């Protein structure tokens, strides 16, 4: 079985992750406003960009909000068919424990057949462990997010931990060491904080980093790559800039052009 991390390593010629966040109102042409066309739109983006991407990242809320879960299942199956070496990261940010976490893990890895899932580790290792029961699958933990409110928790110092690290620093250390029992963990670090990316890489040199925020959110590709170094896979996500490069019939071709430009900048 090829593991999620091995898939990323095999795609090391690209650092670009294409985010799939379909908003029906932004679909091109006659598809605009038609949620039944979510699969068709996303499949066309996949077909146009899969040779440029190291991963695809569908955001589950964009499907569930429009009753398009079956379209998400079809889409991930399509990715596995047309691009079998490209891993799928289900962006779900789950964060529960016990039997509920087990069901979320089953949803991600059995129903949707994702290769990895994003998680919120606020409830501790109990909220991560059920996902690690799926051999070779990835669990990518929110660590230092790019939203302004992230400072409310992530930048606070922990008085009870030697050295009083910030919360995101302690999390990066735990993920690199005692939590990463089978080499399945990764971390999410926002592109708008290159200094924190460098700090996370220092503390977690072996973990894949998923970095959202390049493109429409304003993250600088060169700064991200410089901060992240080369010790482990770097997965830099761009969603809106690629998906909505054009609202016309050429939307897939324009998406490819933006994806290619972004990939070159990241390389």
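Numbering (our numbering), first residue to last: 17 to 283. C-beta atoms are modelled at their ideal positions from N, C-alpha and C, and glycine is treated no differently. Owing to the predicted nature of the structure, the values given are computational and were not obtained by experimental measurement.
Backbone secondary structure at residue i - three-state DSSP
i: residue 138; result: coil
i: residue 216; result: helix
i: residue 221; result: coil
i: residue 164; result: helix
i: residue 252; result: strand
i: residue 240; result: helix
i: residue 31; result: coil
i: residue 226; result: strand
i: residue 182; result: strand
i: residue 173; result: strand
i: residue 235; result: strand
i: residue 259; result: helix
i: residue 43; result: coil
Exposure of residue i, with buried meaning 16 or more beta-carbon neighbours within 10 Å
i: residue 115; result: exposed
i: residue 86; result: exposed
i: residue 195; result: buried
i: residue 49; result: exposed
i: residue 229; result: buried
i: residue 284; result: Since the first residue of the chain shown is 17 and the last is 283, residue 284 is not available in this structure.
i: residue 29; result: exposed
i: residue 151; result: exposed
i: residue 20; result: buried
i: residue 43; result: buried
i: residue 178; result: exposed
i: residue 52; result: exposed
i: residue 148; result: buried
i: residue 212; result: buried
i: residue 169; result: exposed
Contacts around residue i, its chain only, beta-carbon distance under 6 Å, and the 5 residues preceding and following it disregarded
i: residue 250; result: 31, 225, 244
i: residue 284; result: In the structure as shown, the chain starts at 17 and stops at 283, and residue 284 therefore has no counterpart that could be examined.
i: residue 130; result: 104, 106, 124
i: residue 221; result: 247
i: residue 186; result: 174, 177
i: residue 23; result: 103
i: residue 269; result: none
beta-carbon residue i near the ligand NAD non-hydrogen atom, thresh 8 Å
i: residue 270; result: Because no ligand of any kind appears in the structure shown, any question about the ligand NAD cannot be addressed here.
Residues of its chain near residue i, where Cβ-Cβ distance is below 7 Å and the 5 sequence neighbours each way are ignored
i: residue 282; result: 31, 32, 237, 241, 252
i: residue 82; result: 40, 51, 54
i: residue 128; result: 88, 89, 92, 106
Chain-order list of residues whose beta-carbon lies under 8 Å from that of residue i (same chain, five-residue window excluded)
i: residue 156; result: 105, 132, 133, 134, 135, 201, 202, 203, 204, 224, 226
i: residue 276; result: 68
Those runs of the beta strand (DSSP E) which lie wholly inside the region 184-214 and span at least 3 residues: 201-205
Specify whether the region 200-209 and the region 160-180 touch according to this definition: at least 3 beta carbon pairs, one from each stretch, less than 8 Å apart. yes
Give, in chain order, every unbroken run of the beta strand (DSSP E) that is at least 3 residues long and sits entirely within the region 98-162. 105-110, 132-135, 154-160
Three or more C-beta pairs below 8 Å linking the region 55-65 and the region 87-107: yes
Should the region 64-79 be called in touch with the region 26-42, which here means at least 3 C-beta pairs below 8 Å? yes
Entirely within the region 60-100 and at least 3 residues each: give me those beta strand (DSSP E) ranges in chain order. 71-74
If you pair each beta-carbon of the region 181-198 with each one of the region 259-278, do three or more pairs fall below 8 Å? no
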